[in-house]
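What follows is a short report on a single structure.
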Amino acid sequence: MVFYLIKIIGSSGLFIIFYKLILENEPMHKFKRFFLLISLMLSFIIPFISFKQQVLPTEIVDAVFFESTFSINAESVNDKSFVKSINYMFWGFWIAYFSITLAFLSRFLINIKYILQSARESDIIPYRGSKIVLSNQKLVPYSFLEYIFLNKDAYTSGNIEGEILVHEFAHVSQKHSWDILFVEVLQIFFWFNPFLFLFRKAISLNHEFLADEAVINQISDIKFYRYLLFEKVNEQASSFITSRFNYSITKKRLLMMTKTKSFRNALCRQVSVVPLLGLALFFFSTITIAQEKTKNVQSKQIVVPSTTEGATPAQLAEYREIVNKAKNDKGRPVEYKISSEDRERLLALFLIMSKDQQSQQMIVFWPSPPPMKKRVPTEQQIASWKDPEIYGVWIDGKRINNAALDNYTNTDFGSLFVSKLEKNAKNYGKHYYQVNLMTNDYYAAYYKKAIVDRHKYYMNFRVNK
Numbered sequence: 183m184v185f186y187l188i189k190i191i192g193s194s195g196l197f198i199i200f201y202k203l204i205l206e207n208e209p210m211h212k213f214k215r216f217f218l219l220i221s222l223m224l225s226f227i228i229p230f231i232s233f234k235q236q237v238l239p240t241e242i243v244d245a246v247f248f249e250s251t252f253s254i255n256a257e258s259v260n261d262k263s264f265v266k267s268i269n270y271m272f273w274g275f276w277i278a279y280f281s282i283t284l285a286f287l288s289r290f291l292i293n294i295k296y297i298l299q300s301a302r303e304s305d306i307i308p309y310r311g312s313k314i315v316l317s318n319q320k321l322v323p324y325s326f327l328e329y330i331f332l333n334k335d336a337y338t339s340g341n342i343e344g345e346i347l348v349h350e351f352a353h354v355s356q357k358h359s360w361d362i363l364f365v366e367v368l369q370i371f372f373w374f375n376p377f378l379f380l381f382r383k384a385i386s387l388n389h390e391f392l393a394d395e396a397v398i399n400q401i402s403d404i405k406f407y408r409y410l411l412f413e414k415v416n417e418q419a420s421s422f423i424t425s426r427f428n429y430s431i432t433k434k435r436l437l438m439m440t441k442t443k444s445f446r447n448a449l450c451r452q453v454s455v456v457p458l459l460g461l462a463l464f465f466f467s468t469i470t471i472a473q474e475k476t477k478n479v480q481s482k483q484i485v486v487p488s489t490t491e492g493a494t495p496a497q498l499a500e501y502r503e504i505v506n507k508a509k510n511d512k513g514r515p516v517e518y519k520i521s522s523e524d525r526e527r528l529l530a531l532f533l534i535m536s537k538d539q540q541s542q543q544m545i546v547f548w549p550s551p552p553p554m555k556k557r558v559p560t561e562q563q564i565a566s567w568k569d570p571e572i573y574g575v576w577i578d579g580k581r582i583n584n585a586a587l588d589n590y591t592n593t594d595f596g597s598l599f600v601s602k603l604e605k606n607a608k609n610y611g612k613h614y615y616q617v618n619l620m621t622n623d624y625y626a627a628y629y630k631k632a633i634v635d636r637h638k639y640y641m642n643f644r645v646n647k
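If you want it as structure tokens, here you go:
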């Protein structure tokens, strides 16, 4: 989920930055309104769009043996304090999220209630399909949904200019409030996305451009209308979810009125949205692997020696006695308490047990895996592994940037194995296959060590005991 949220933030950032640089200052306000709303919705949709990508058929190893065998430390795996800290972090995160979300939701609902209550408590007169709310409060004209809020004394005395009324009616008739409500709801639940604030400001400003355009199309004295804007800019501001006057917005509106429309310029900027959409899909969509025919290579099963007769009760008692000596205060065996002599004795006793007896022990032994055979990748495989969306690459046990494969040829490697990540894997979504490569020198050293250790047994702790 975090991966998708990051993509949502990234895609919304890409769209709003493009808007600010390319579209905002152009007099094509209807297109800009369409772009802002659609791009905002696409920011939440694109991360969930999946594209299937075919990959080269590869031998997939079901179980991969690494040259180092790690003991399973029951002490660390079952450490309750560690689990509790994880739980505290998890619940702390959700408590913080819901607390902040609840605060934003409460503020939103309180403002809505205040506006609607103000409409109910005031005189209302019909106006061209909308409703003029005559308030006793001193306020700057503003609109919300179907309501146009005006000061009652100013309206009855004829001090509300017709141009201002046309401006606010344009907000109502073009349903600008729904745009604001849409982005406000998104901000309530995705308050951690800083680009939503920029979207809201851009949408509000473009609403003013649209309303100004509606006024200019109906009047002849544009200079008088510009004077009105100067007059209103210093008056009392209205509610946070209404159209309103302020200096910075007014300055931009006045500048916009001086611009002339250019069909060619507008067309070029509108067409530039197409490659923008391609970039958003490329960077923020999800790539899934198409079902391809792969050769699944079953790793050789390592058989732990056992006997049919099994160990005697006395031998089992001796085994348990050594294990008990190695236990800590929590009743779990720890490796540092087992001497080399006790380790050798445990191994000898373990190998004479039956399979059933071995399965009941807290300390178990595994034989060394056989060395992997030499395998040289093809140039075609090397080229395909350069795609970081599909493959995570390790060379000689170290994670590398996929582009570093440019520094190698296929003959530089003496061994390879590829494993397919399960959906619950840590890196699933970042890539879908793990490629482990060994250079020739590294493989030679690995193979030599594997041969020397071929009769070696590794001690492990069974965590479910």
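For the numbering used here, add 182 to where a residue sits in the sequence shown, where the first one is 1. Here a beta-carbon is modelled for each residue, glycine too, at the ideal position from N, C-alpha and C.
task = Sort R502, N293 and F391 by Cα distance to M544 and report the nearest one.
result = By 1-based counting over the sequence shown, the position of residue 544 is 362. Taking the Cα of M544 as reference, the smallest distance to any Cα among R502, N293 and F391 is reached at R502.
request  = Could you check the C-alpha separation between P229 and H613 for me, to the nearest Å?
outcome  = Translated into positions along the sequence shown, residue 229 becomes position 47. Translated into positions along the sequence shown, residue 613 becomes position 431. Distance between the alpha carbons of P229 and H613 is about 15 angstroms.
inquiry  = Let's test the definition: count the other Cβ atoms within 10 Å of the Cβ of V456 and tell me whether it reaches 16, buried, or not, exposed.
reply    = As a first step, residue 456 must be located in the sequence shown, where it is residue number 274. V456 sits exposed, since fewer than 16 C-beta atoms from the chains shown fall within 10 Å of its C-beta.
Cβ neighbour criterion (16 or more within 10 Å) applied to P495 = Counted from its first residue, the sequence shown places residue 495 at position 313. The residue in question, P495, is exposed, as its Cβ has fewer than 16 Cβ neighbours within 10 Å.
ask   = According to the Cβ coordinates, are K214 and L205 closer than 8 angstroms?
value = Reading the sequence shown from its first residue, position 32 is the one you call residue 214. Reading the sequence shown from its first residue, position 23 is the one you call residue 205. Going by C-beta atoms, K214 is nearer than 8 angstroms to L205.
request  = Report the three-state DSSP secondary structure of K580 (helix, strand or coil).
outcome  = Looking up residue 580 in the sequence shown gives position 398. Strand, per DSSP.
message = Within the continuous alpha helix (DSSP H) that includes P495, where are the two ends?
response = Position 313 of the sequence shown holds residue 495. First-last of the alpha helix (DSSP H) with P495: P495 to K507.
query = Considering only residues of the same chain and omitting the five flanking positions on each side of A393, which have a CB-CB separation below 8 angstroms?
reply = For this step, residue 393 is matched to residue 211 along the sequence shown. Once the five neighbours on either side are set aside, the close Cβ partners of A393 are H349, E350, A352, H353, Q356, H358 and S425.
message = Three or more C-beta pairs under 8 angstroms: does that hold for the region 622 to 633 against the region 545 to 556?
response = By the Cβ test, the region 622 to 633 is in contact with the region 545 to 556, since at least three Cβ pairs between them sit closer than 8 angstroms.
Nearest residue (CA-CA) to N388, options L218, N583, F371 and F547 = Counted from its first residue, the sequence shown places residue 388 at position 206. Among L218, N583, F371 and F547, the Cα nearest to that of N388 belongs to L218.
Cut-off 8 angstroms between Cβ atoms - residues of its own chain near F379, not counting five sequence neighbours on either side = The residue you call residue 379 lines up with position 197 of the sequence shown. Leaving aside the five residues that flank F379 on each side, the residues in its chain whose CB is nearer than 8 angstroms to its CB run, in chain order, Q369.
query = On the three-pair Cβ rule with 8 angstroms, is the region 458 to 467 touching the region 501 to 517?
reply = As far as the Cβ criterion goes, the region 458 to 467 does not touch the region 501 to 517, which means the pair count is below three.
ask   = Do you know how far the Cα of L529 is from the Cα of Q497?
value = Position 315 of the sequence shown, counted from the start, is the residue given in the question as residue 497. Position 347 of the sequence shown, counted from the start, is the residue given in the question as residue 529. If you take the alpha carbons of Q497 and L529, they lie about 12 angstroms apart.
query = Which residues in the same chain as E345 place their Cβ atom closer than 8 angstroms to its Cβ, once the five residues preceding and following it in sequence are excluded?
reply = Translated into the one-based positions of the sequence shown, residue 345 becomes position 163. Cβ neighbours of E345 beyond the five flanking positions: V397, I401, F406, Y407 and L410.
query = Is it buried or exposed for N574, if we count other Cβ within 10 angstroms and need 16 for buried?
reply = Here residue 574 refers to the residue found at position 392 when the sequence shown is read from its first residue. Note that residue 574 is Gly in the sequence shown here, rather than Asn. G574 should be labelled buried.
query = Does DSSP put F372 in a helix, in a strand, or in coil?
reply = Taking the sequence shown and counting its residues from 1, one reaches residue 372 at position 190. The three-state reading of DSSP puts F372 in coil, since its state is none of H, G, I, E or B.
query = Do you know how far the Cα of N609 is from the Cα of E208?
reply = By one-based count along the sequence shown, residue 208 stands at place 26. By one-based count along the sequence shown, residue 609 stands at place 427. E208 and N609: Cα-Cα distance of roughly 43 angstroms.
ask   = Are the beta-carbon atoms of Y309 and I330 separated by less than 8 angstroms?
value = Start at 1 with the first residue of the sequence shown, and residue 309 comes out as number 127. Start at 1 with the first residue of the sequence shown, and residue 330 comes out as number 148. Going by C-beta atoms, Y309 is nearer than 8 angstroms to I330.
query = Nearest CA to the CA of K433: which residue from R446, R451, K414 and A448?
reply = As a position in the sequence shown, residue 433 is number 251, starting the count at 1. Checking every option, the nearest Cα to that of K433 belongs to K414.
query = Taking the alpha-carbon positions, what's the L291 to I297 distance?
reply = Reading the sequence shown from its first residue, position 109 is the one you call residue 291. Reading the sequence shown from its first residue, position 115 is the one you call residue 297. The C-alpha of L291 lies about 10 angstroms from the C-alpha of I297.
message = Mapping the DSSP letters down to three states, classify S288 as helix, strand or coil.
response = Here residue 288 corresponds to residue number 106 of the sequence shown, with the count starting at 1. Of the three classes helix, strand and coil, the one that applies to S288 here is helix, per DSSP.
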